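Below: the structure, in structure tokens.
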Amino acid sequence: MASTQTDESGDRAVRKTRFVATSSSSSLPECADAPEQTELTDGLRTPTLVAGVSMGVAALLCFVLSAGFSGGQTTVSDEAAQEVSSLQEQIRTVEAKTVALPKADDTERGLTGALTSAGQVAKLQNDYRYLTPGVAASGGKLDAAASQSTLRNLIPYFAPSVHQSDLGPWYLLASDKDVAAGVGIPMSFDSGFEWVAQVPYLVNNDSTITVTWLAMETRTGKGEKPAVLAWARADYGLVRKAFSNVQTGTTATGEALRQEVTAP
Numbered sequence: 015m016a017s018t019q020t021d022e023s024g025d026r027a028v029r030k031t032r033f034v035a036t037s038s039s040s041s042l043p044e045c046a047d048a049p050e051q052t053e054l055t056d057g058l059r060t061p062t063l064v065a066g067v068s069m070g071v072a073a074l075l076c077f078v079l080s081a082g083f084s085g086g087q088t089t090v091s092d093e094a095a096q097e098v099s100s101l102q103e104q105i106r107t108v109e110a111k112t113v114a115l116p117k118a119d120d121t122e123r124g125l126t127g128a129l130t131s132a133g134q135v136a137k138l139q140n141d142y143r144y145l146t147p148g149v150a151a152s153g154g155k156l157d158a159a160a161s162q163s164t165l166r167n168l169i170p171y172f173a174p175s176v177h178q179s180d181l182g183p184w185y186l187l188a189s190d191k192d193v194a195a196g197v198g199i200p201m202s203f204d205s206g207f208e209w210v211a212q213v214p215y216l217v218n219n220d221s222t223i224t225v226t227w228l229a230m231e232t233r234t235g236k237g238e239k240p241a242v243l244a245w246a247r248a249d250y251g252l253v254r255k256a257f258s259n260v261q262t263g264t265t266a267t268g269e270a271l272r273q274e275v276t277a278p
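The sequence shown runs 15 to 278 under our numbering.
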């Protein structure tokens, strides 16, 4: 049976969640089942949908009006008049939302900026993997001095509301403890997993872009599909150009292979 662990702080704006899924598909974001990155072609989905809804409502309004005047009638029934009023209000609401949405160019730039920042965050999280032997040797305790450089480089990508504890290693693989510690770790070190930023495709109504990272297995047998060991999610703000609302979690497979890490 899956177990769930939640750590929430009422006086912090950031929420960090860790839980274990019974299967990869039960808790992962939708993109977990298709870790291959997709092309950045759906960036204008939100404004397109809003415009489509507006056109649909307008067409329905015309239909109601034409129906009200069918048969040579010169007045609209009370029922039709109420329907017309409701549809007109829907049109005004949709138009207001359309005005508030980012312009096409801004949307494309925002999606590109979110992906670029997400890629840098993934690279920095991957740097933490080199600390695994030291963490294992100290009983799971993270050496603050050893992780300070990576943490310092991560901070600029996140809003001030994000606590530094949420920027520590999102996932470490227990088997990496067997690698020689210190200078013995080669630059070509294959950790057995790698963080990969998924391509965002949608701008939310609050001008944020939800970005997901997946910790993908790198050591697989012939013909085997890489397993998802862990995931992380955050919202990229188009105004501040920083991530907030960090959430992390592991799959059942990932939890069984995870290296426990405690705060410095």
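All C-beta atoms in this analysis are idealised placements derived from N, C-alpha and C, irrespective of residue type, glycine included.
Note that the structure is a prediction, hence the values are computed from the model and not measured.
Thinking just about the alpha-carbon of each residue, which of the options is nearest to the one in residue i?
i: I169; options: V225, V260, Q212; result: V260
i: R279; options: L181, S175, P214; result: Since the first and last residues shown for the chain are 15 and 278, residue 279 lies out of range.
i: T224; options: K236, D249, E208, F207; result: D249
i: L129; options: G268, T267, A270, K255; result: K255
i: N218; options: E103, S100, L125, L138; result: L125
i: T276; options: T121, N167, S179; result: S179
i: E274; options: T234, S161, K191; result: K191
i: A266; options: A229, S100, E93; result: A229
i: Y185; options: S163, A136, T121, D119; result: A136
i: T262; options: W209, L216, T121, V149; result: W209
i: G268; options: F207, D120, T121; result: F207
i: P147; options: D120, Y171, S189, N140; result: S189
i: G127; options: E238, Y171, G235; result: Y171
Kindly indicate which three-state DSSP category residue i falls into: helix, strand or coil?
i: E269; result: helix
i: T20; result: Caution applies to T20, whose pLDDT of 42 falls short of 50 and renders its modelled position unreliable; the model cannot decide the point.
i: K155; result: strand
i: V260; result: strand
i: L252; result: coil
i: L187; result: strand
i: E53; result: Model confidence at E53 stands at a pLDDT of 41, short of 50, so the residue's coordinates are unreliable; what they give is reported in the following sentence. Reduced to three states, the DSSP call for E53 is coil.
Could you tell me how far apart the beta carbons of residue i and residue j are, in whole angstroms, since I believe they sit closer than 8 Å?
i: G182; j: S161; result: 7 Å
i: A211; j: A132; result: 4 Å
i: G145; j: N167; result: One detail in the question is off: residue 145 reads as Leu in this sequence, not Gly. With 8 Å as the limit, L145 and N167 do not qualify as a contact, their Cβ atoms being about 14 Å apart.
i: A173; j: F257; result: 7 Å
i: L187; j: S221; result: That belief does not hold up - the Cβ atoms of L187 and S221 are roughly 36 Å apart, past 8 Å.
i: V142; j: T121; result: One detail in the question is off: residue 142 reads as Tyr in this sequence, not Val. Y142 to T121, Cβ: 32 Å. No contact.
What do you reckon, is the C-beta of residue i under 6 Å from a heavy atom of the ligand SAH?
i: T265; result: Among the ligands in the structure shown, none appear at all, so the ligand SAH cannot be discussed.
Any C-beta of chain D sitting closer than 7 Å to the C-beta of residue i?
i: V176; result: No chain D appears in this structure, which consists of one protein chain only.
Evaluate contact between the stretch 237–253 and the stretch 143–156, counting only Cβ atoms and requiring at least three cross-stretch pairs below 8 Å. no
Q) Where are the beta strand (DSSP E) runs, 3 residues long or more, that stay fully inside the stretch 194–249, in chain order? A) 207–211, 222–231
task = Would you list, in sequence order, the uninterrupted alpha helix (DSSP H) runs of no fewer than 4 residues that lie entirely inside the stretch 131–184?
result = 146–151, 158–168
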